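Everything on this sheet refers to the single structure shown next.
Chains as they are written, first to last, in the working numbering: chain U, 1 to 307; chain H, 308 to 614.
As structure tokens, this is what we get:
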């Protein structure tokens with residue numbers, strides 16, 4: 001009922017990294033996708049199957065050194081229900097290999113509809129007398145624009161099933177300030193969203209001091225990371241924007257607490273496409289992903305001391 | 308590249324209604340779901356197949372009098388990838404029957420990820436040399452909290468493929484004001500979001516004066532409907548909250564322009580579960596849905612004069 005499970009993994013691996021599994025078909029090496037395209041033609045089904053195989057090998061290559069994966073739902077929906085099946089299978093496989101799984105869906109709605117999203121991604125639904133788990137991730141990213149009505153339905157499931165959420169707070173993109181930086185009585189909207197995260201999470205605080213309600217705060221805004229870390233002492237941060245979007249490890253360090261905890265940093269493309277950057281044999285794509293994950297861990301650990 | 312197709316249908320049917328296909332398995336009459344549960348057991352697959360059959364009959368019963376359907380993605384995701392397949396099939400079937408289809412996904416992200424959502428729901432993706440359409444809806448609901456970076460990727464596809472989006476502006480729920488009503492220099496956040504909708508849609512204005520960028524404005528806030536209608540003259544409104552959530556037709560009328568256009572009103576449960584309210588034979592569920600759709604049309608048309 002907090003992020004304790006995730007934080008324990010981070011401590012034992014000494015690595016506050018989450019690998020983003022945001023796979024496009026073009027990332028999958030030709031040798032790997034060929035058999036699927038031969039079998040099912042140039043179809044969404046073939047693409048989805050190839051991506052699952054690719055994800056599986058990435059997971060195998062990093063699961064002993066990276067505590068978590070984050071699946072960006074958009075890249076699975078792009079391949080229709082076949083892609084969504086690959087998302088489902090990837091979540092199960094990553095959990096089987098002991099990883100903590102975050103579904104990055106930025107879902108948002110109210111009341112019964114938000115309960116349906118909760119059941120879908122973090123909970124279960126009942127068919128007749130049987131309980132079925134549709135996706136079964138450990139955590140879900142959500143958007144809080146609709147207010148408490150959109151967040152409250154998630155909380156009972158977080159408590160009962162030891163799951164978590166990350167609420168969009170200050171996102172990493174250049175135009176994030178259009179709404180998020182607007183000042184209300186001198187306080188930016190993102191900070192107000194942060195205050196609500198503290199409120200929503202208040203009765204789910206775990207052993208490390210963090211609740212089940214986390215926040216997304218971009219690596220590209222280091223000053224805000226520092227001020228929000230102070231303002232939101234019980235809120236775990238999911239930090240996108242490392243590397244590709246320009247967020248450096250030195251700036252990210254401000255999002256961590258004095259014990260080197262309280263944040264997890266995402267990297268997607270740099271890990272998935274490391275074999276392209278390395279220009280190694282494409283059959284070594286998973287090995288290259290592992291080497292990039294190690295490089296990133298060392299980069300972060302230059303600035304962050306855990307424990 | 309606007310909402311002209313939708314508005315034409317509304318005019319010819321004299322009905323500014325969208326039927327919300329937000330099906331829970333418990334809405335599906337026993338006689339209809341029995342064969343699926345017998346065949347596939349108490350599984351997500353059986354539930355998803357039963358729901359498709361149910362949706363199909365509702366669509367058949369209303370497609371000549373209701374211009375559009377809105378599929379709430381949460382209720383499909385709740386049944387895993389099988390449910391998402393039912394969403395896909397329902398979208399195709401509704402379009403085949405001539406209906407305008409809105410996917411209510413409230414999706415949001417930035418850059419390449421938002422492009423992936425766009426390809427998934429409104430566009431196409433390329434596998435080898437083949438173009439595949441994953442979901443193929445006419446319009447998608449989106450959340451604008453991330454700013455222009457989250458909306459811009461949708462616009463080229465709206466233009467090229469004659470699709471539309473509805474951006475969450477002032478939602479129908481009780482706590483929507485927590486963030487949306489906050490005043491920035493005297494202007495509430497929802498109005499600022501509305502101003503951006505006008506800006507984002509500026510070069511996609513169609514024959515009826517409305518752009519491809521619509522907004523979600525709840526039926527439960529009639530005063531805001533009136534003020535936003537004035538503030539956002541080129542923005543089509545999707546109005547949830549009629550009936551079940553307490554929004555009445557008289558109040559909704561303020562969301563329409565002087566020609567009786569510019570808005571479409573959603574009803575979900577009241578249509579889907581009309582047979583329960585009527586207490587008629589459950590085998591007449593689709594007939595009851597049609598009767599409720601007619602009742603709603605008449606209720607709205609008491610206050611709204613089209614043309």
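The C-beta atom is built at its ideal place from N, Cα and C for all residues, glycine as well. These numbers come from a predicted model, not from an experiment.
Inter-residue spacing [alpha-carbon to alpha-carbon] between residue i and residue j
{"i": "residue 309 of chain H", "j": "residue 394 of chain H", "result": "24 Å"}
{"i": "residue 276 of chain U", "j": "residue 552 of chain H", "result": "53 Å"}
{"i": "residue 227 of chain U", "j": "residue 261 of chain U", "result": "16 Å"}
{"i": "residue 194 of chain U", "j": "residue 42 of chain U", "result": "45 Å"}
{"i": "residue 247 of chain U", "j": "residue 5 of chain U", "result": "26 Å"}
{"i": "residue 240 of chain U", "j": "residue 67 of chain U", "result": "16 Å"}
{"i": "residue 21 of chain U", "j": "residue 69 of chain U", "result": "7 Å"}
{"i": "residue 120 of chain U", "j": "residue 344 of chain H", "result": "20 Å"}
{"i": "residue 558 of chain H", "j": "residue 504 of chain H", "result": "23 Å"}
{"i": "residue 421 of chain H", "j": "residue 259 of chain U", "result": "35 Å"}
{"i": "residue 184 of chain U", "j": "residue 73 of chain U", "result": "32 Å"}
{"i": "residue 44 of chain U", "j": "residue 431 of chain H", "result": "11 Å"}
{"i": "residue 367 of chain H", "j": "residue 232 of chain U", "result": "52 Å"}
{"i": "residue 199 of chain U", "j": "residue 304 of chain U", "result": "28 Å"}
{"i": "residue 50 of chain U", "j": "residue 272 of chain U", "result": "14 Å"}
{"i": "residue 464 of chain H", "j": "residue 130 of chain U", "result": "42 Å"}
{"i": "residue 473 of chain H", "j": "residue 291 of chain U", "result": "43 Å"}
{"i": "residue 401 of chain H", "j": "residue 116 of chain U", "result": "23 Å"}
{"i": "residue 516 of chain H", "j": "residue 613 of chain H", "result": "15 Å"}
{"i": "residue 349 of chain U", "j": "residue 102 of chain U", "result": "For residue 349 of chain U there is no data in the structure shown, the boundaries of chain U being 1 and 307."}
{"i": "residue 488 of chain H", "j": "residue 537 of chain H", "result": "18 Å"}
{"i": "residue 12 of chain U", "j": "residue 46 of chain U", "result": "38 Å"}
{"i": "residue 285 of chain U", "j": "residue 299 of chain U", "result": "21 Å"}
Beta-bridge partners of residue i, as assigned by DSSP
{"i": "residue 378 of chain H", "result": "H:328 and H:410"}
{"i": "residue 211 of chain U", "result": "The partner list for residue 211 of chain U (beta bridge, DSSP) is empty, contrary to what the question assumes."}
{"i": "residue 438 of chain H", "result": "H:433"}
{"i": "residue 184 of chain U", "result": "U:187"}
Minimum Cβ-Cβ distance from residue i to chain U less than 7 Å
{"i": "residue 454 of chain H", "result": "yes"}
{"i": "residue 413 of chain H", "result": "yes"}
{"i": "residue 435 of chain H", "result": "yes"}
{"i": "residue 589 of chain H", "result": "no"}
{"i": "residue 424 of chain H", "result": "yes"}
{"i": "residue 387 of chain H", "result": "yes"}
{"i": "residue 574 of chain H", "result": "no"}
{"i": "residue 381 of chain H", "result": "yes"}
{"i": "residue 362 of chain H", "result": "no"}
{"i": "residue 578 of chain H", "result": "no"}
{"i": "residue 357 of chain H", "result": "no"}
{"i": "residue 482 of chain H", "result": "yes"}
Whole-Å CB distance - residue i paired with residue j, under 8 Å assumed
{"i": "residue 525 of chain H", "j": "residue 479 of chain H", "result": "3 Å"}
{"i": "residue 52 of chain U", "j": "residue 91 of chain U", "result": "About 11 Å; that fails the 8 Å criterion."}
{"i": "residue 215 of chain U", "j": "residue 237 of chain U", "result": "6 Å"}
{"i": "residue 108 of chain U", "j": "residue 84 of chain U", "result": "Actually they are not in contact, since the Cβ atoms of residue 108 of chain U and residue 84 of chain U sit about 18 Å apart, beyond 8 Å."}
{"i": "residue 140 of chain U", "j": "residue 155 of chain U", "result": "Actually they do not touch by this definition, with Cβ atoms about 12 Å apart."}
{"i": "residue 164 of chain U", "j": "residue 212 of chain U", "result": "5 Å"}
{"i": "residue 581 of chain H", "j": "residue 595 of chain H", "result": "4 Å"}
{"i": "residue 456 of chain H", "j": "residue 512 of chain H", "result": "Actually they do not touch by this definition, with Cβ atoms about 23 Å apart."}
{"i": "residue 332 of chain H", "j": "residue 127 of chain U", "result": "6 Å"}
{"i": "residue 65 of chain U", "j": "residue 297 of chain U", "result": "7 Å"}
{"i": "residue 301 of chain U", "j": "residue 14 of chain U", "result": "7 Å"}
{"i": "residue 493 of chain H", "j": "residue 178 of chain U", "result": "With 8 Å as the limit, residue 493 of chain H and residue 178 of chain U do not qualify as a contact, their Cβ atoms being about 18 Å apart."}
{"i": "residue 170 of chain U", "j": "residue 224 of chain U", "result": "5 Å"}
{"i": "residue 406 of chain H", "j": "residue 370 of chain H", "result": "5 Å"}
Contact with chain H by residue i, beta-carbon distance below 7 Å
{"i": "residue 85 of chain U", "result": "yes"}
{"i": "residue 235 of chain U", "result": "no"}
{"i": "residue 215 of chain U", "result": "no"}
{"i": "residue 77 of chain U", "result": "yes"}
{"i": "residue 42 of chain U", "result": "yes"}
{"i": "residue 90 of chain U", "result": "no"}
Element boundaries [beta strand (DSSP E), containing residue i]
{"i": "residue 66 of chain U", "result": "No beta strand (DSSP E) holds residue 66 of chain U; DSSP gives it neither H nor E."}
{"i": "residue 553 of chain H", "result": "Taken as a continuous stretch (DSSP letters only), residue 553 of chain H belongs to no beta strand (DSSP E), as it is neither H nor E."}
{"i": "residue 570 of chain H", "result": "570–574"}
{"i": "residue 545 of chain H", "result": "544–546"}
Residue i: CB within 6 Å of a non-hydrogen atom of the ligand FMN
{"i": "residue 366 of chain H", "result": "The model depicted lacks the ligand FMN and carries no ligand whatsoever."}
Span of the alpha helix (DSSP H), counted from its first residue to its last, around residue i
{"i": "residue 226 of chain U", "result": "222–231"}
{"i": "residue 168 of chain U", "result": "First-last for residue 168 of chain U: 164–170, but that is the beta strand (DSSP E), not the alpha helix (DSSP H)."}
{"i": "residue 448 of chain H", "result": "Per DSSP, residue 448 of chain H belongs to no alpha helix (DSSP H); it is in the beta strand (DSSP E), 446–449."}
{"i": "residue 2 of chain U", "result": "Note, residue 2 of chain U: premise wrong, no alpha helix (DSSP H); not H, not E."}
{"i": "residue 82 of chain U", "result": "80–96"}
{"i": "residue 189 of chain U", "result": "189–201"}
{"i": "residue 36 of chain U", "result": "30–40"}
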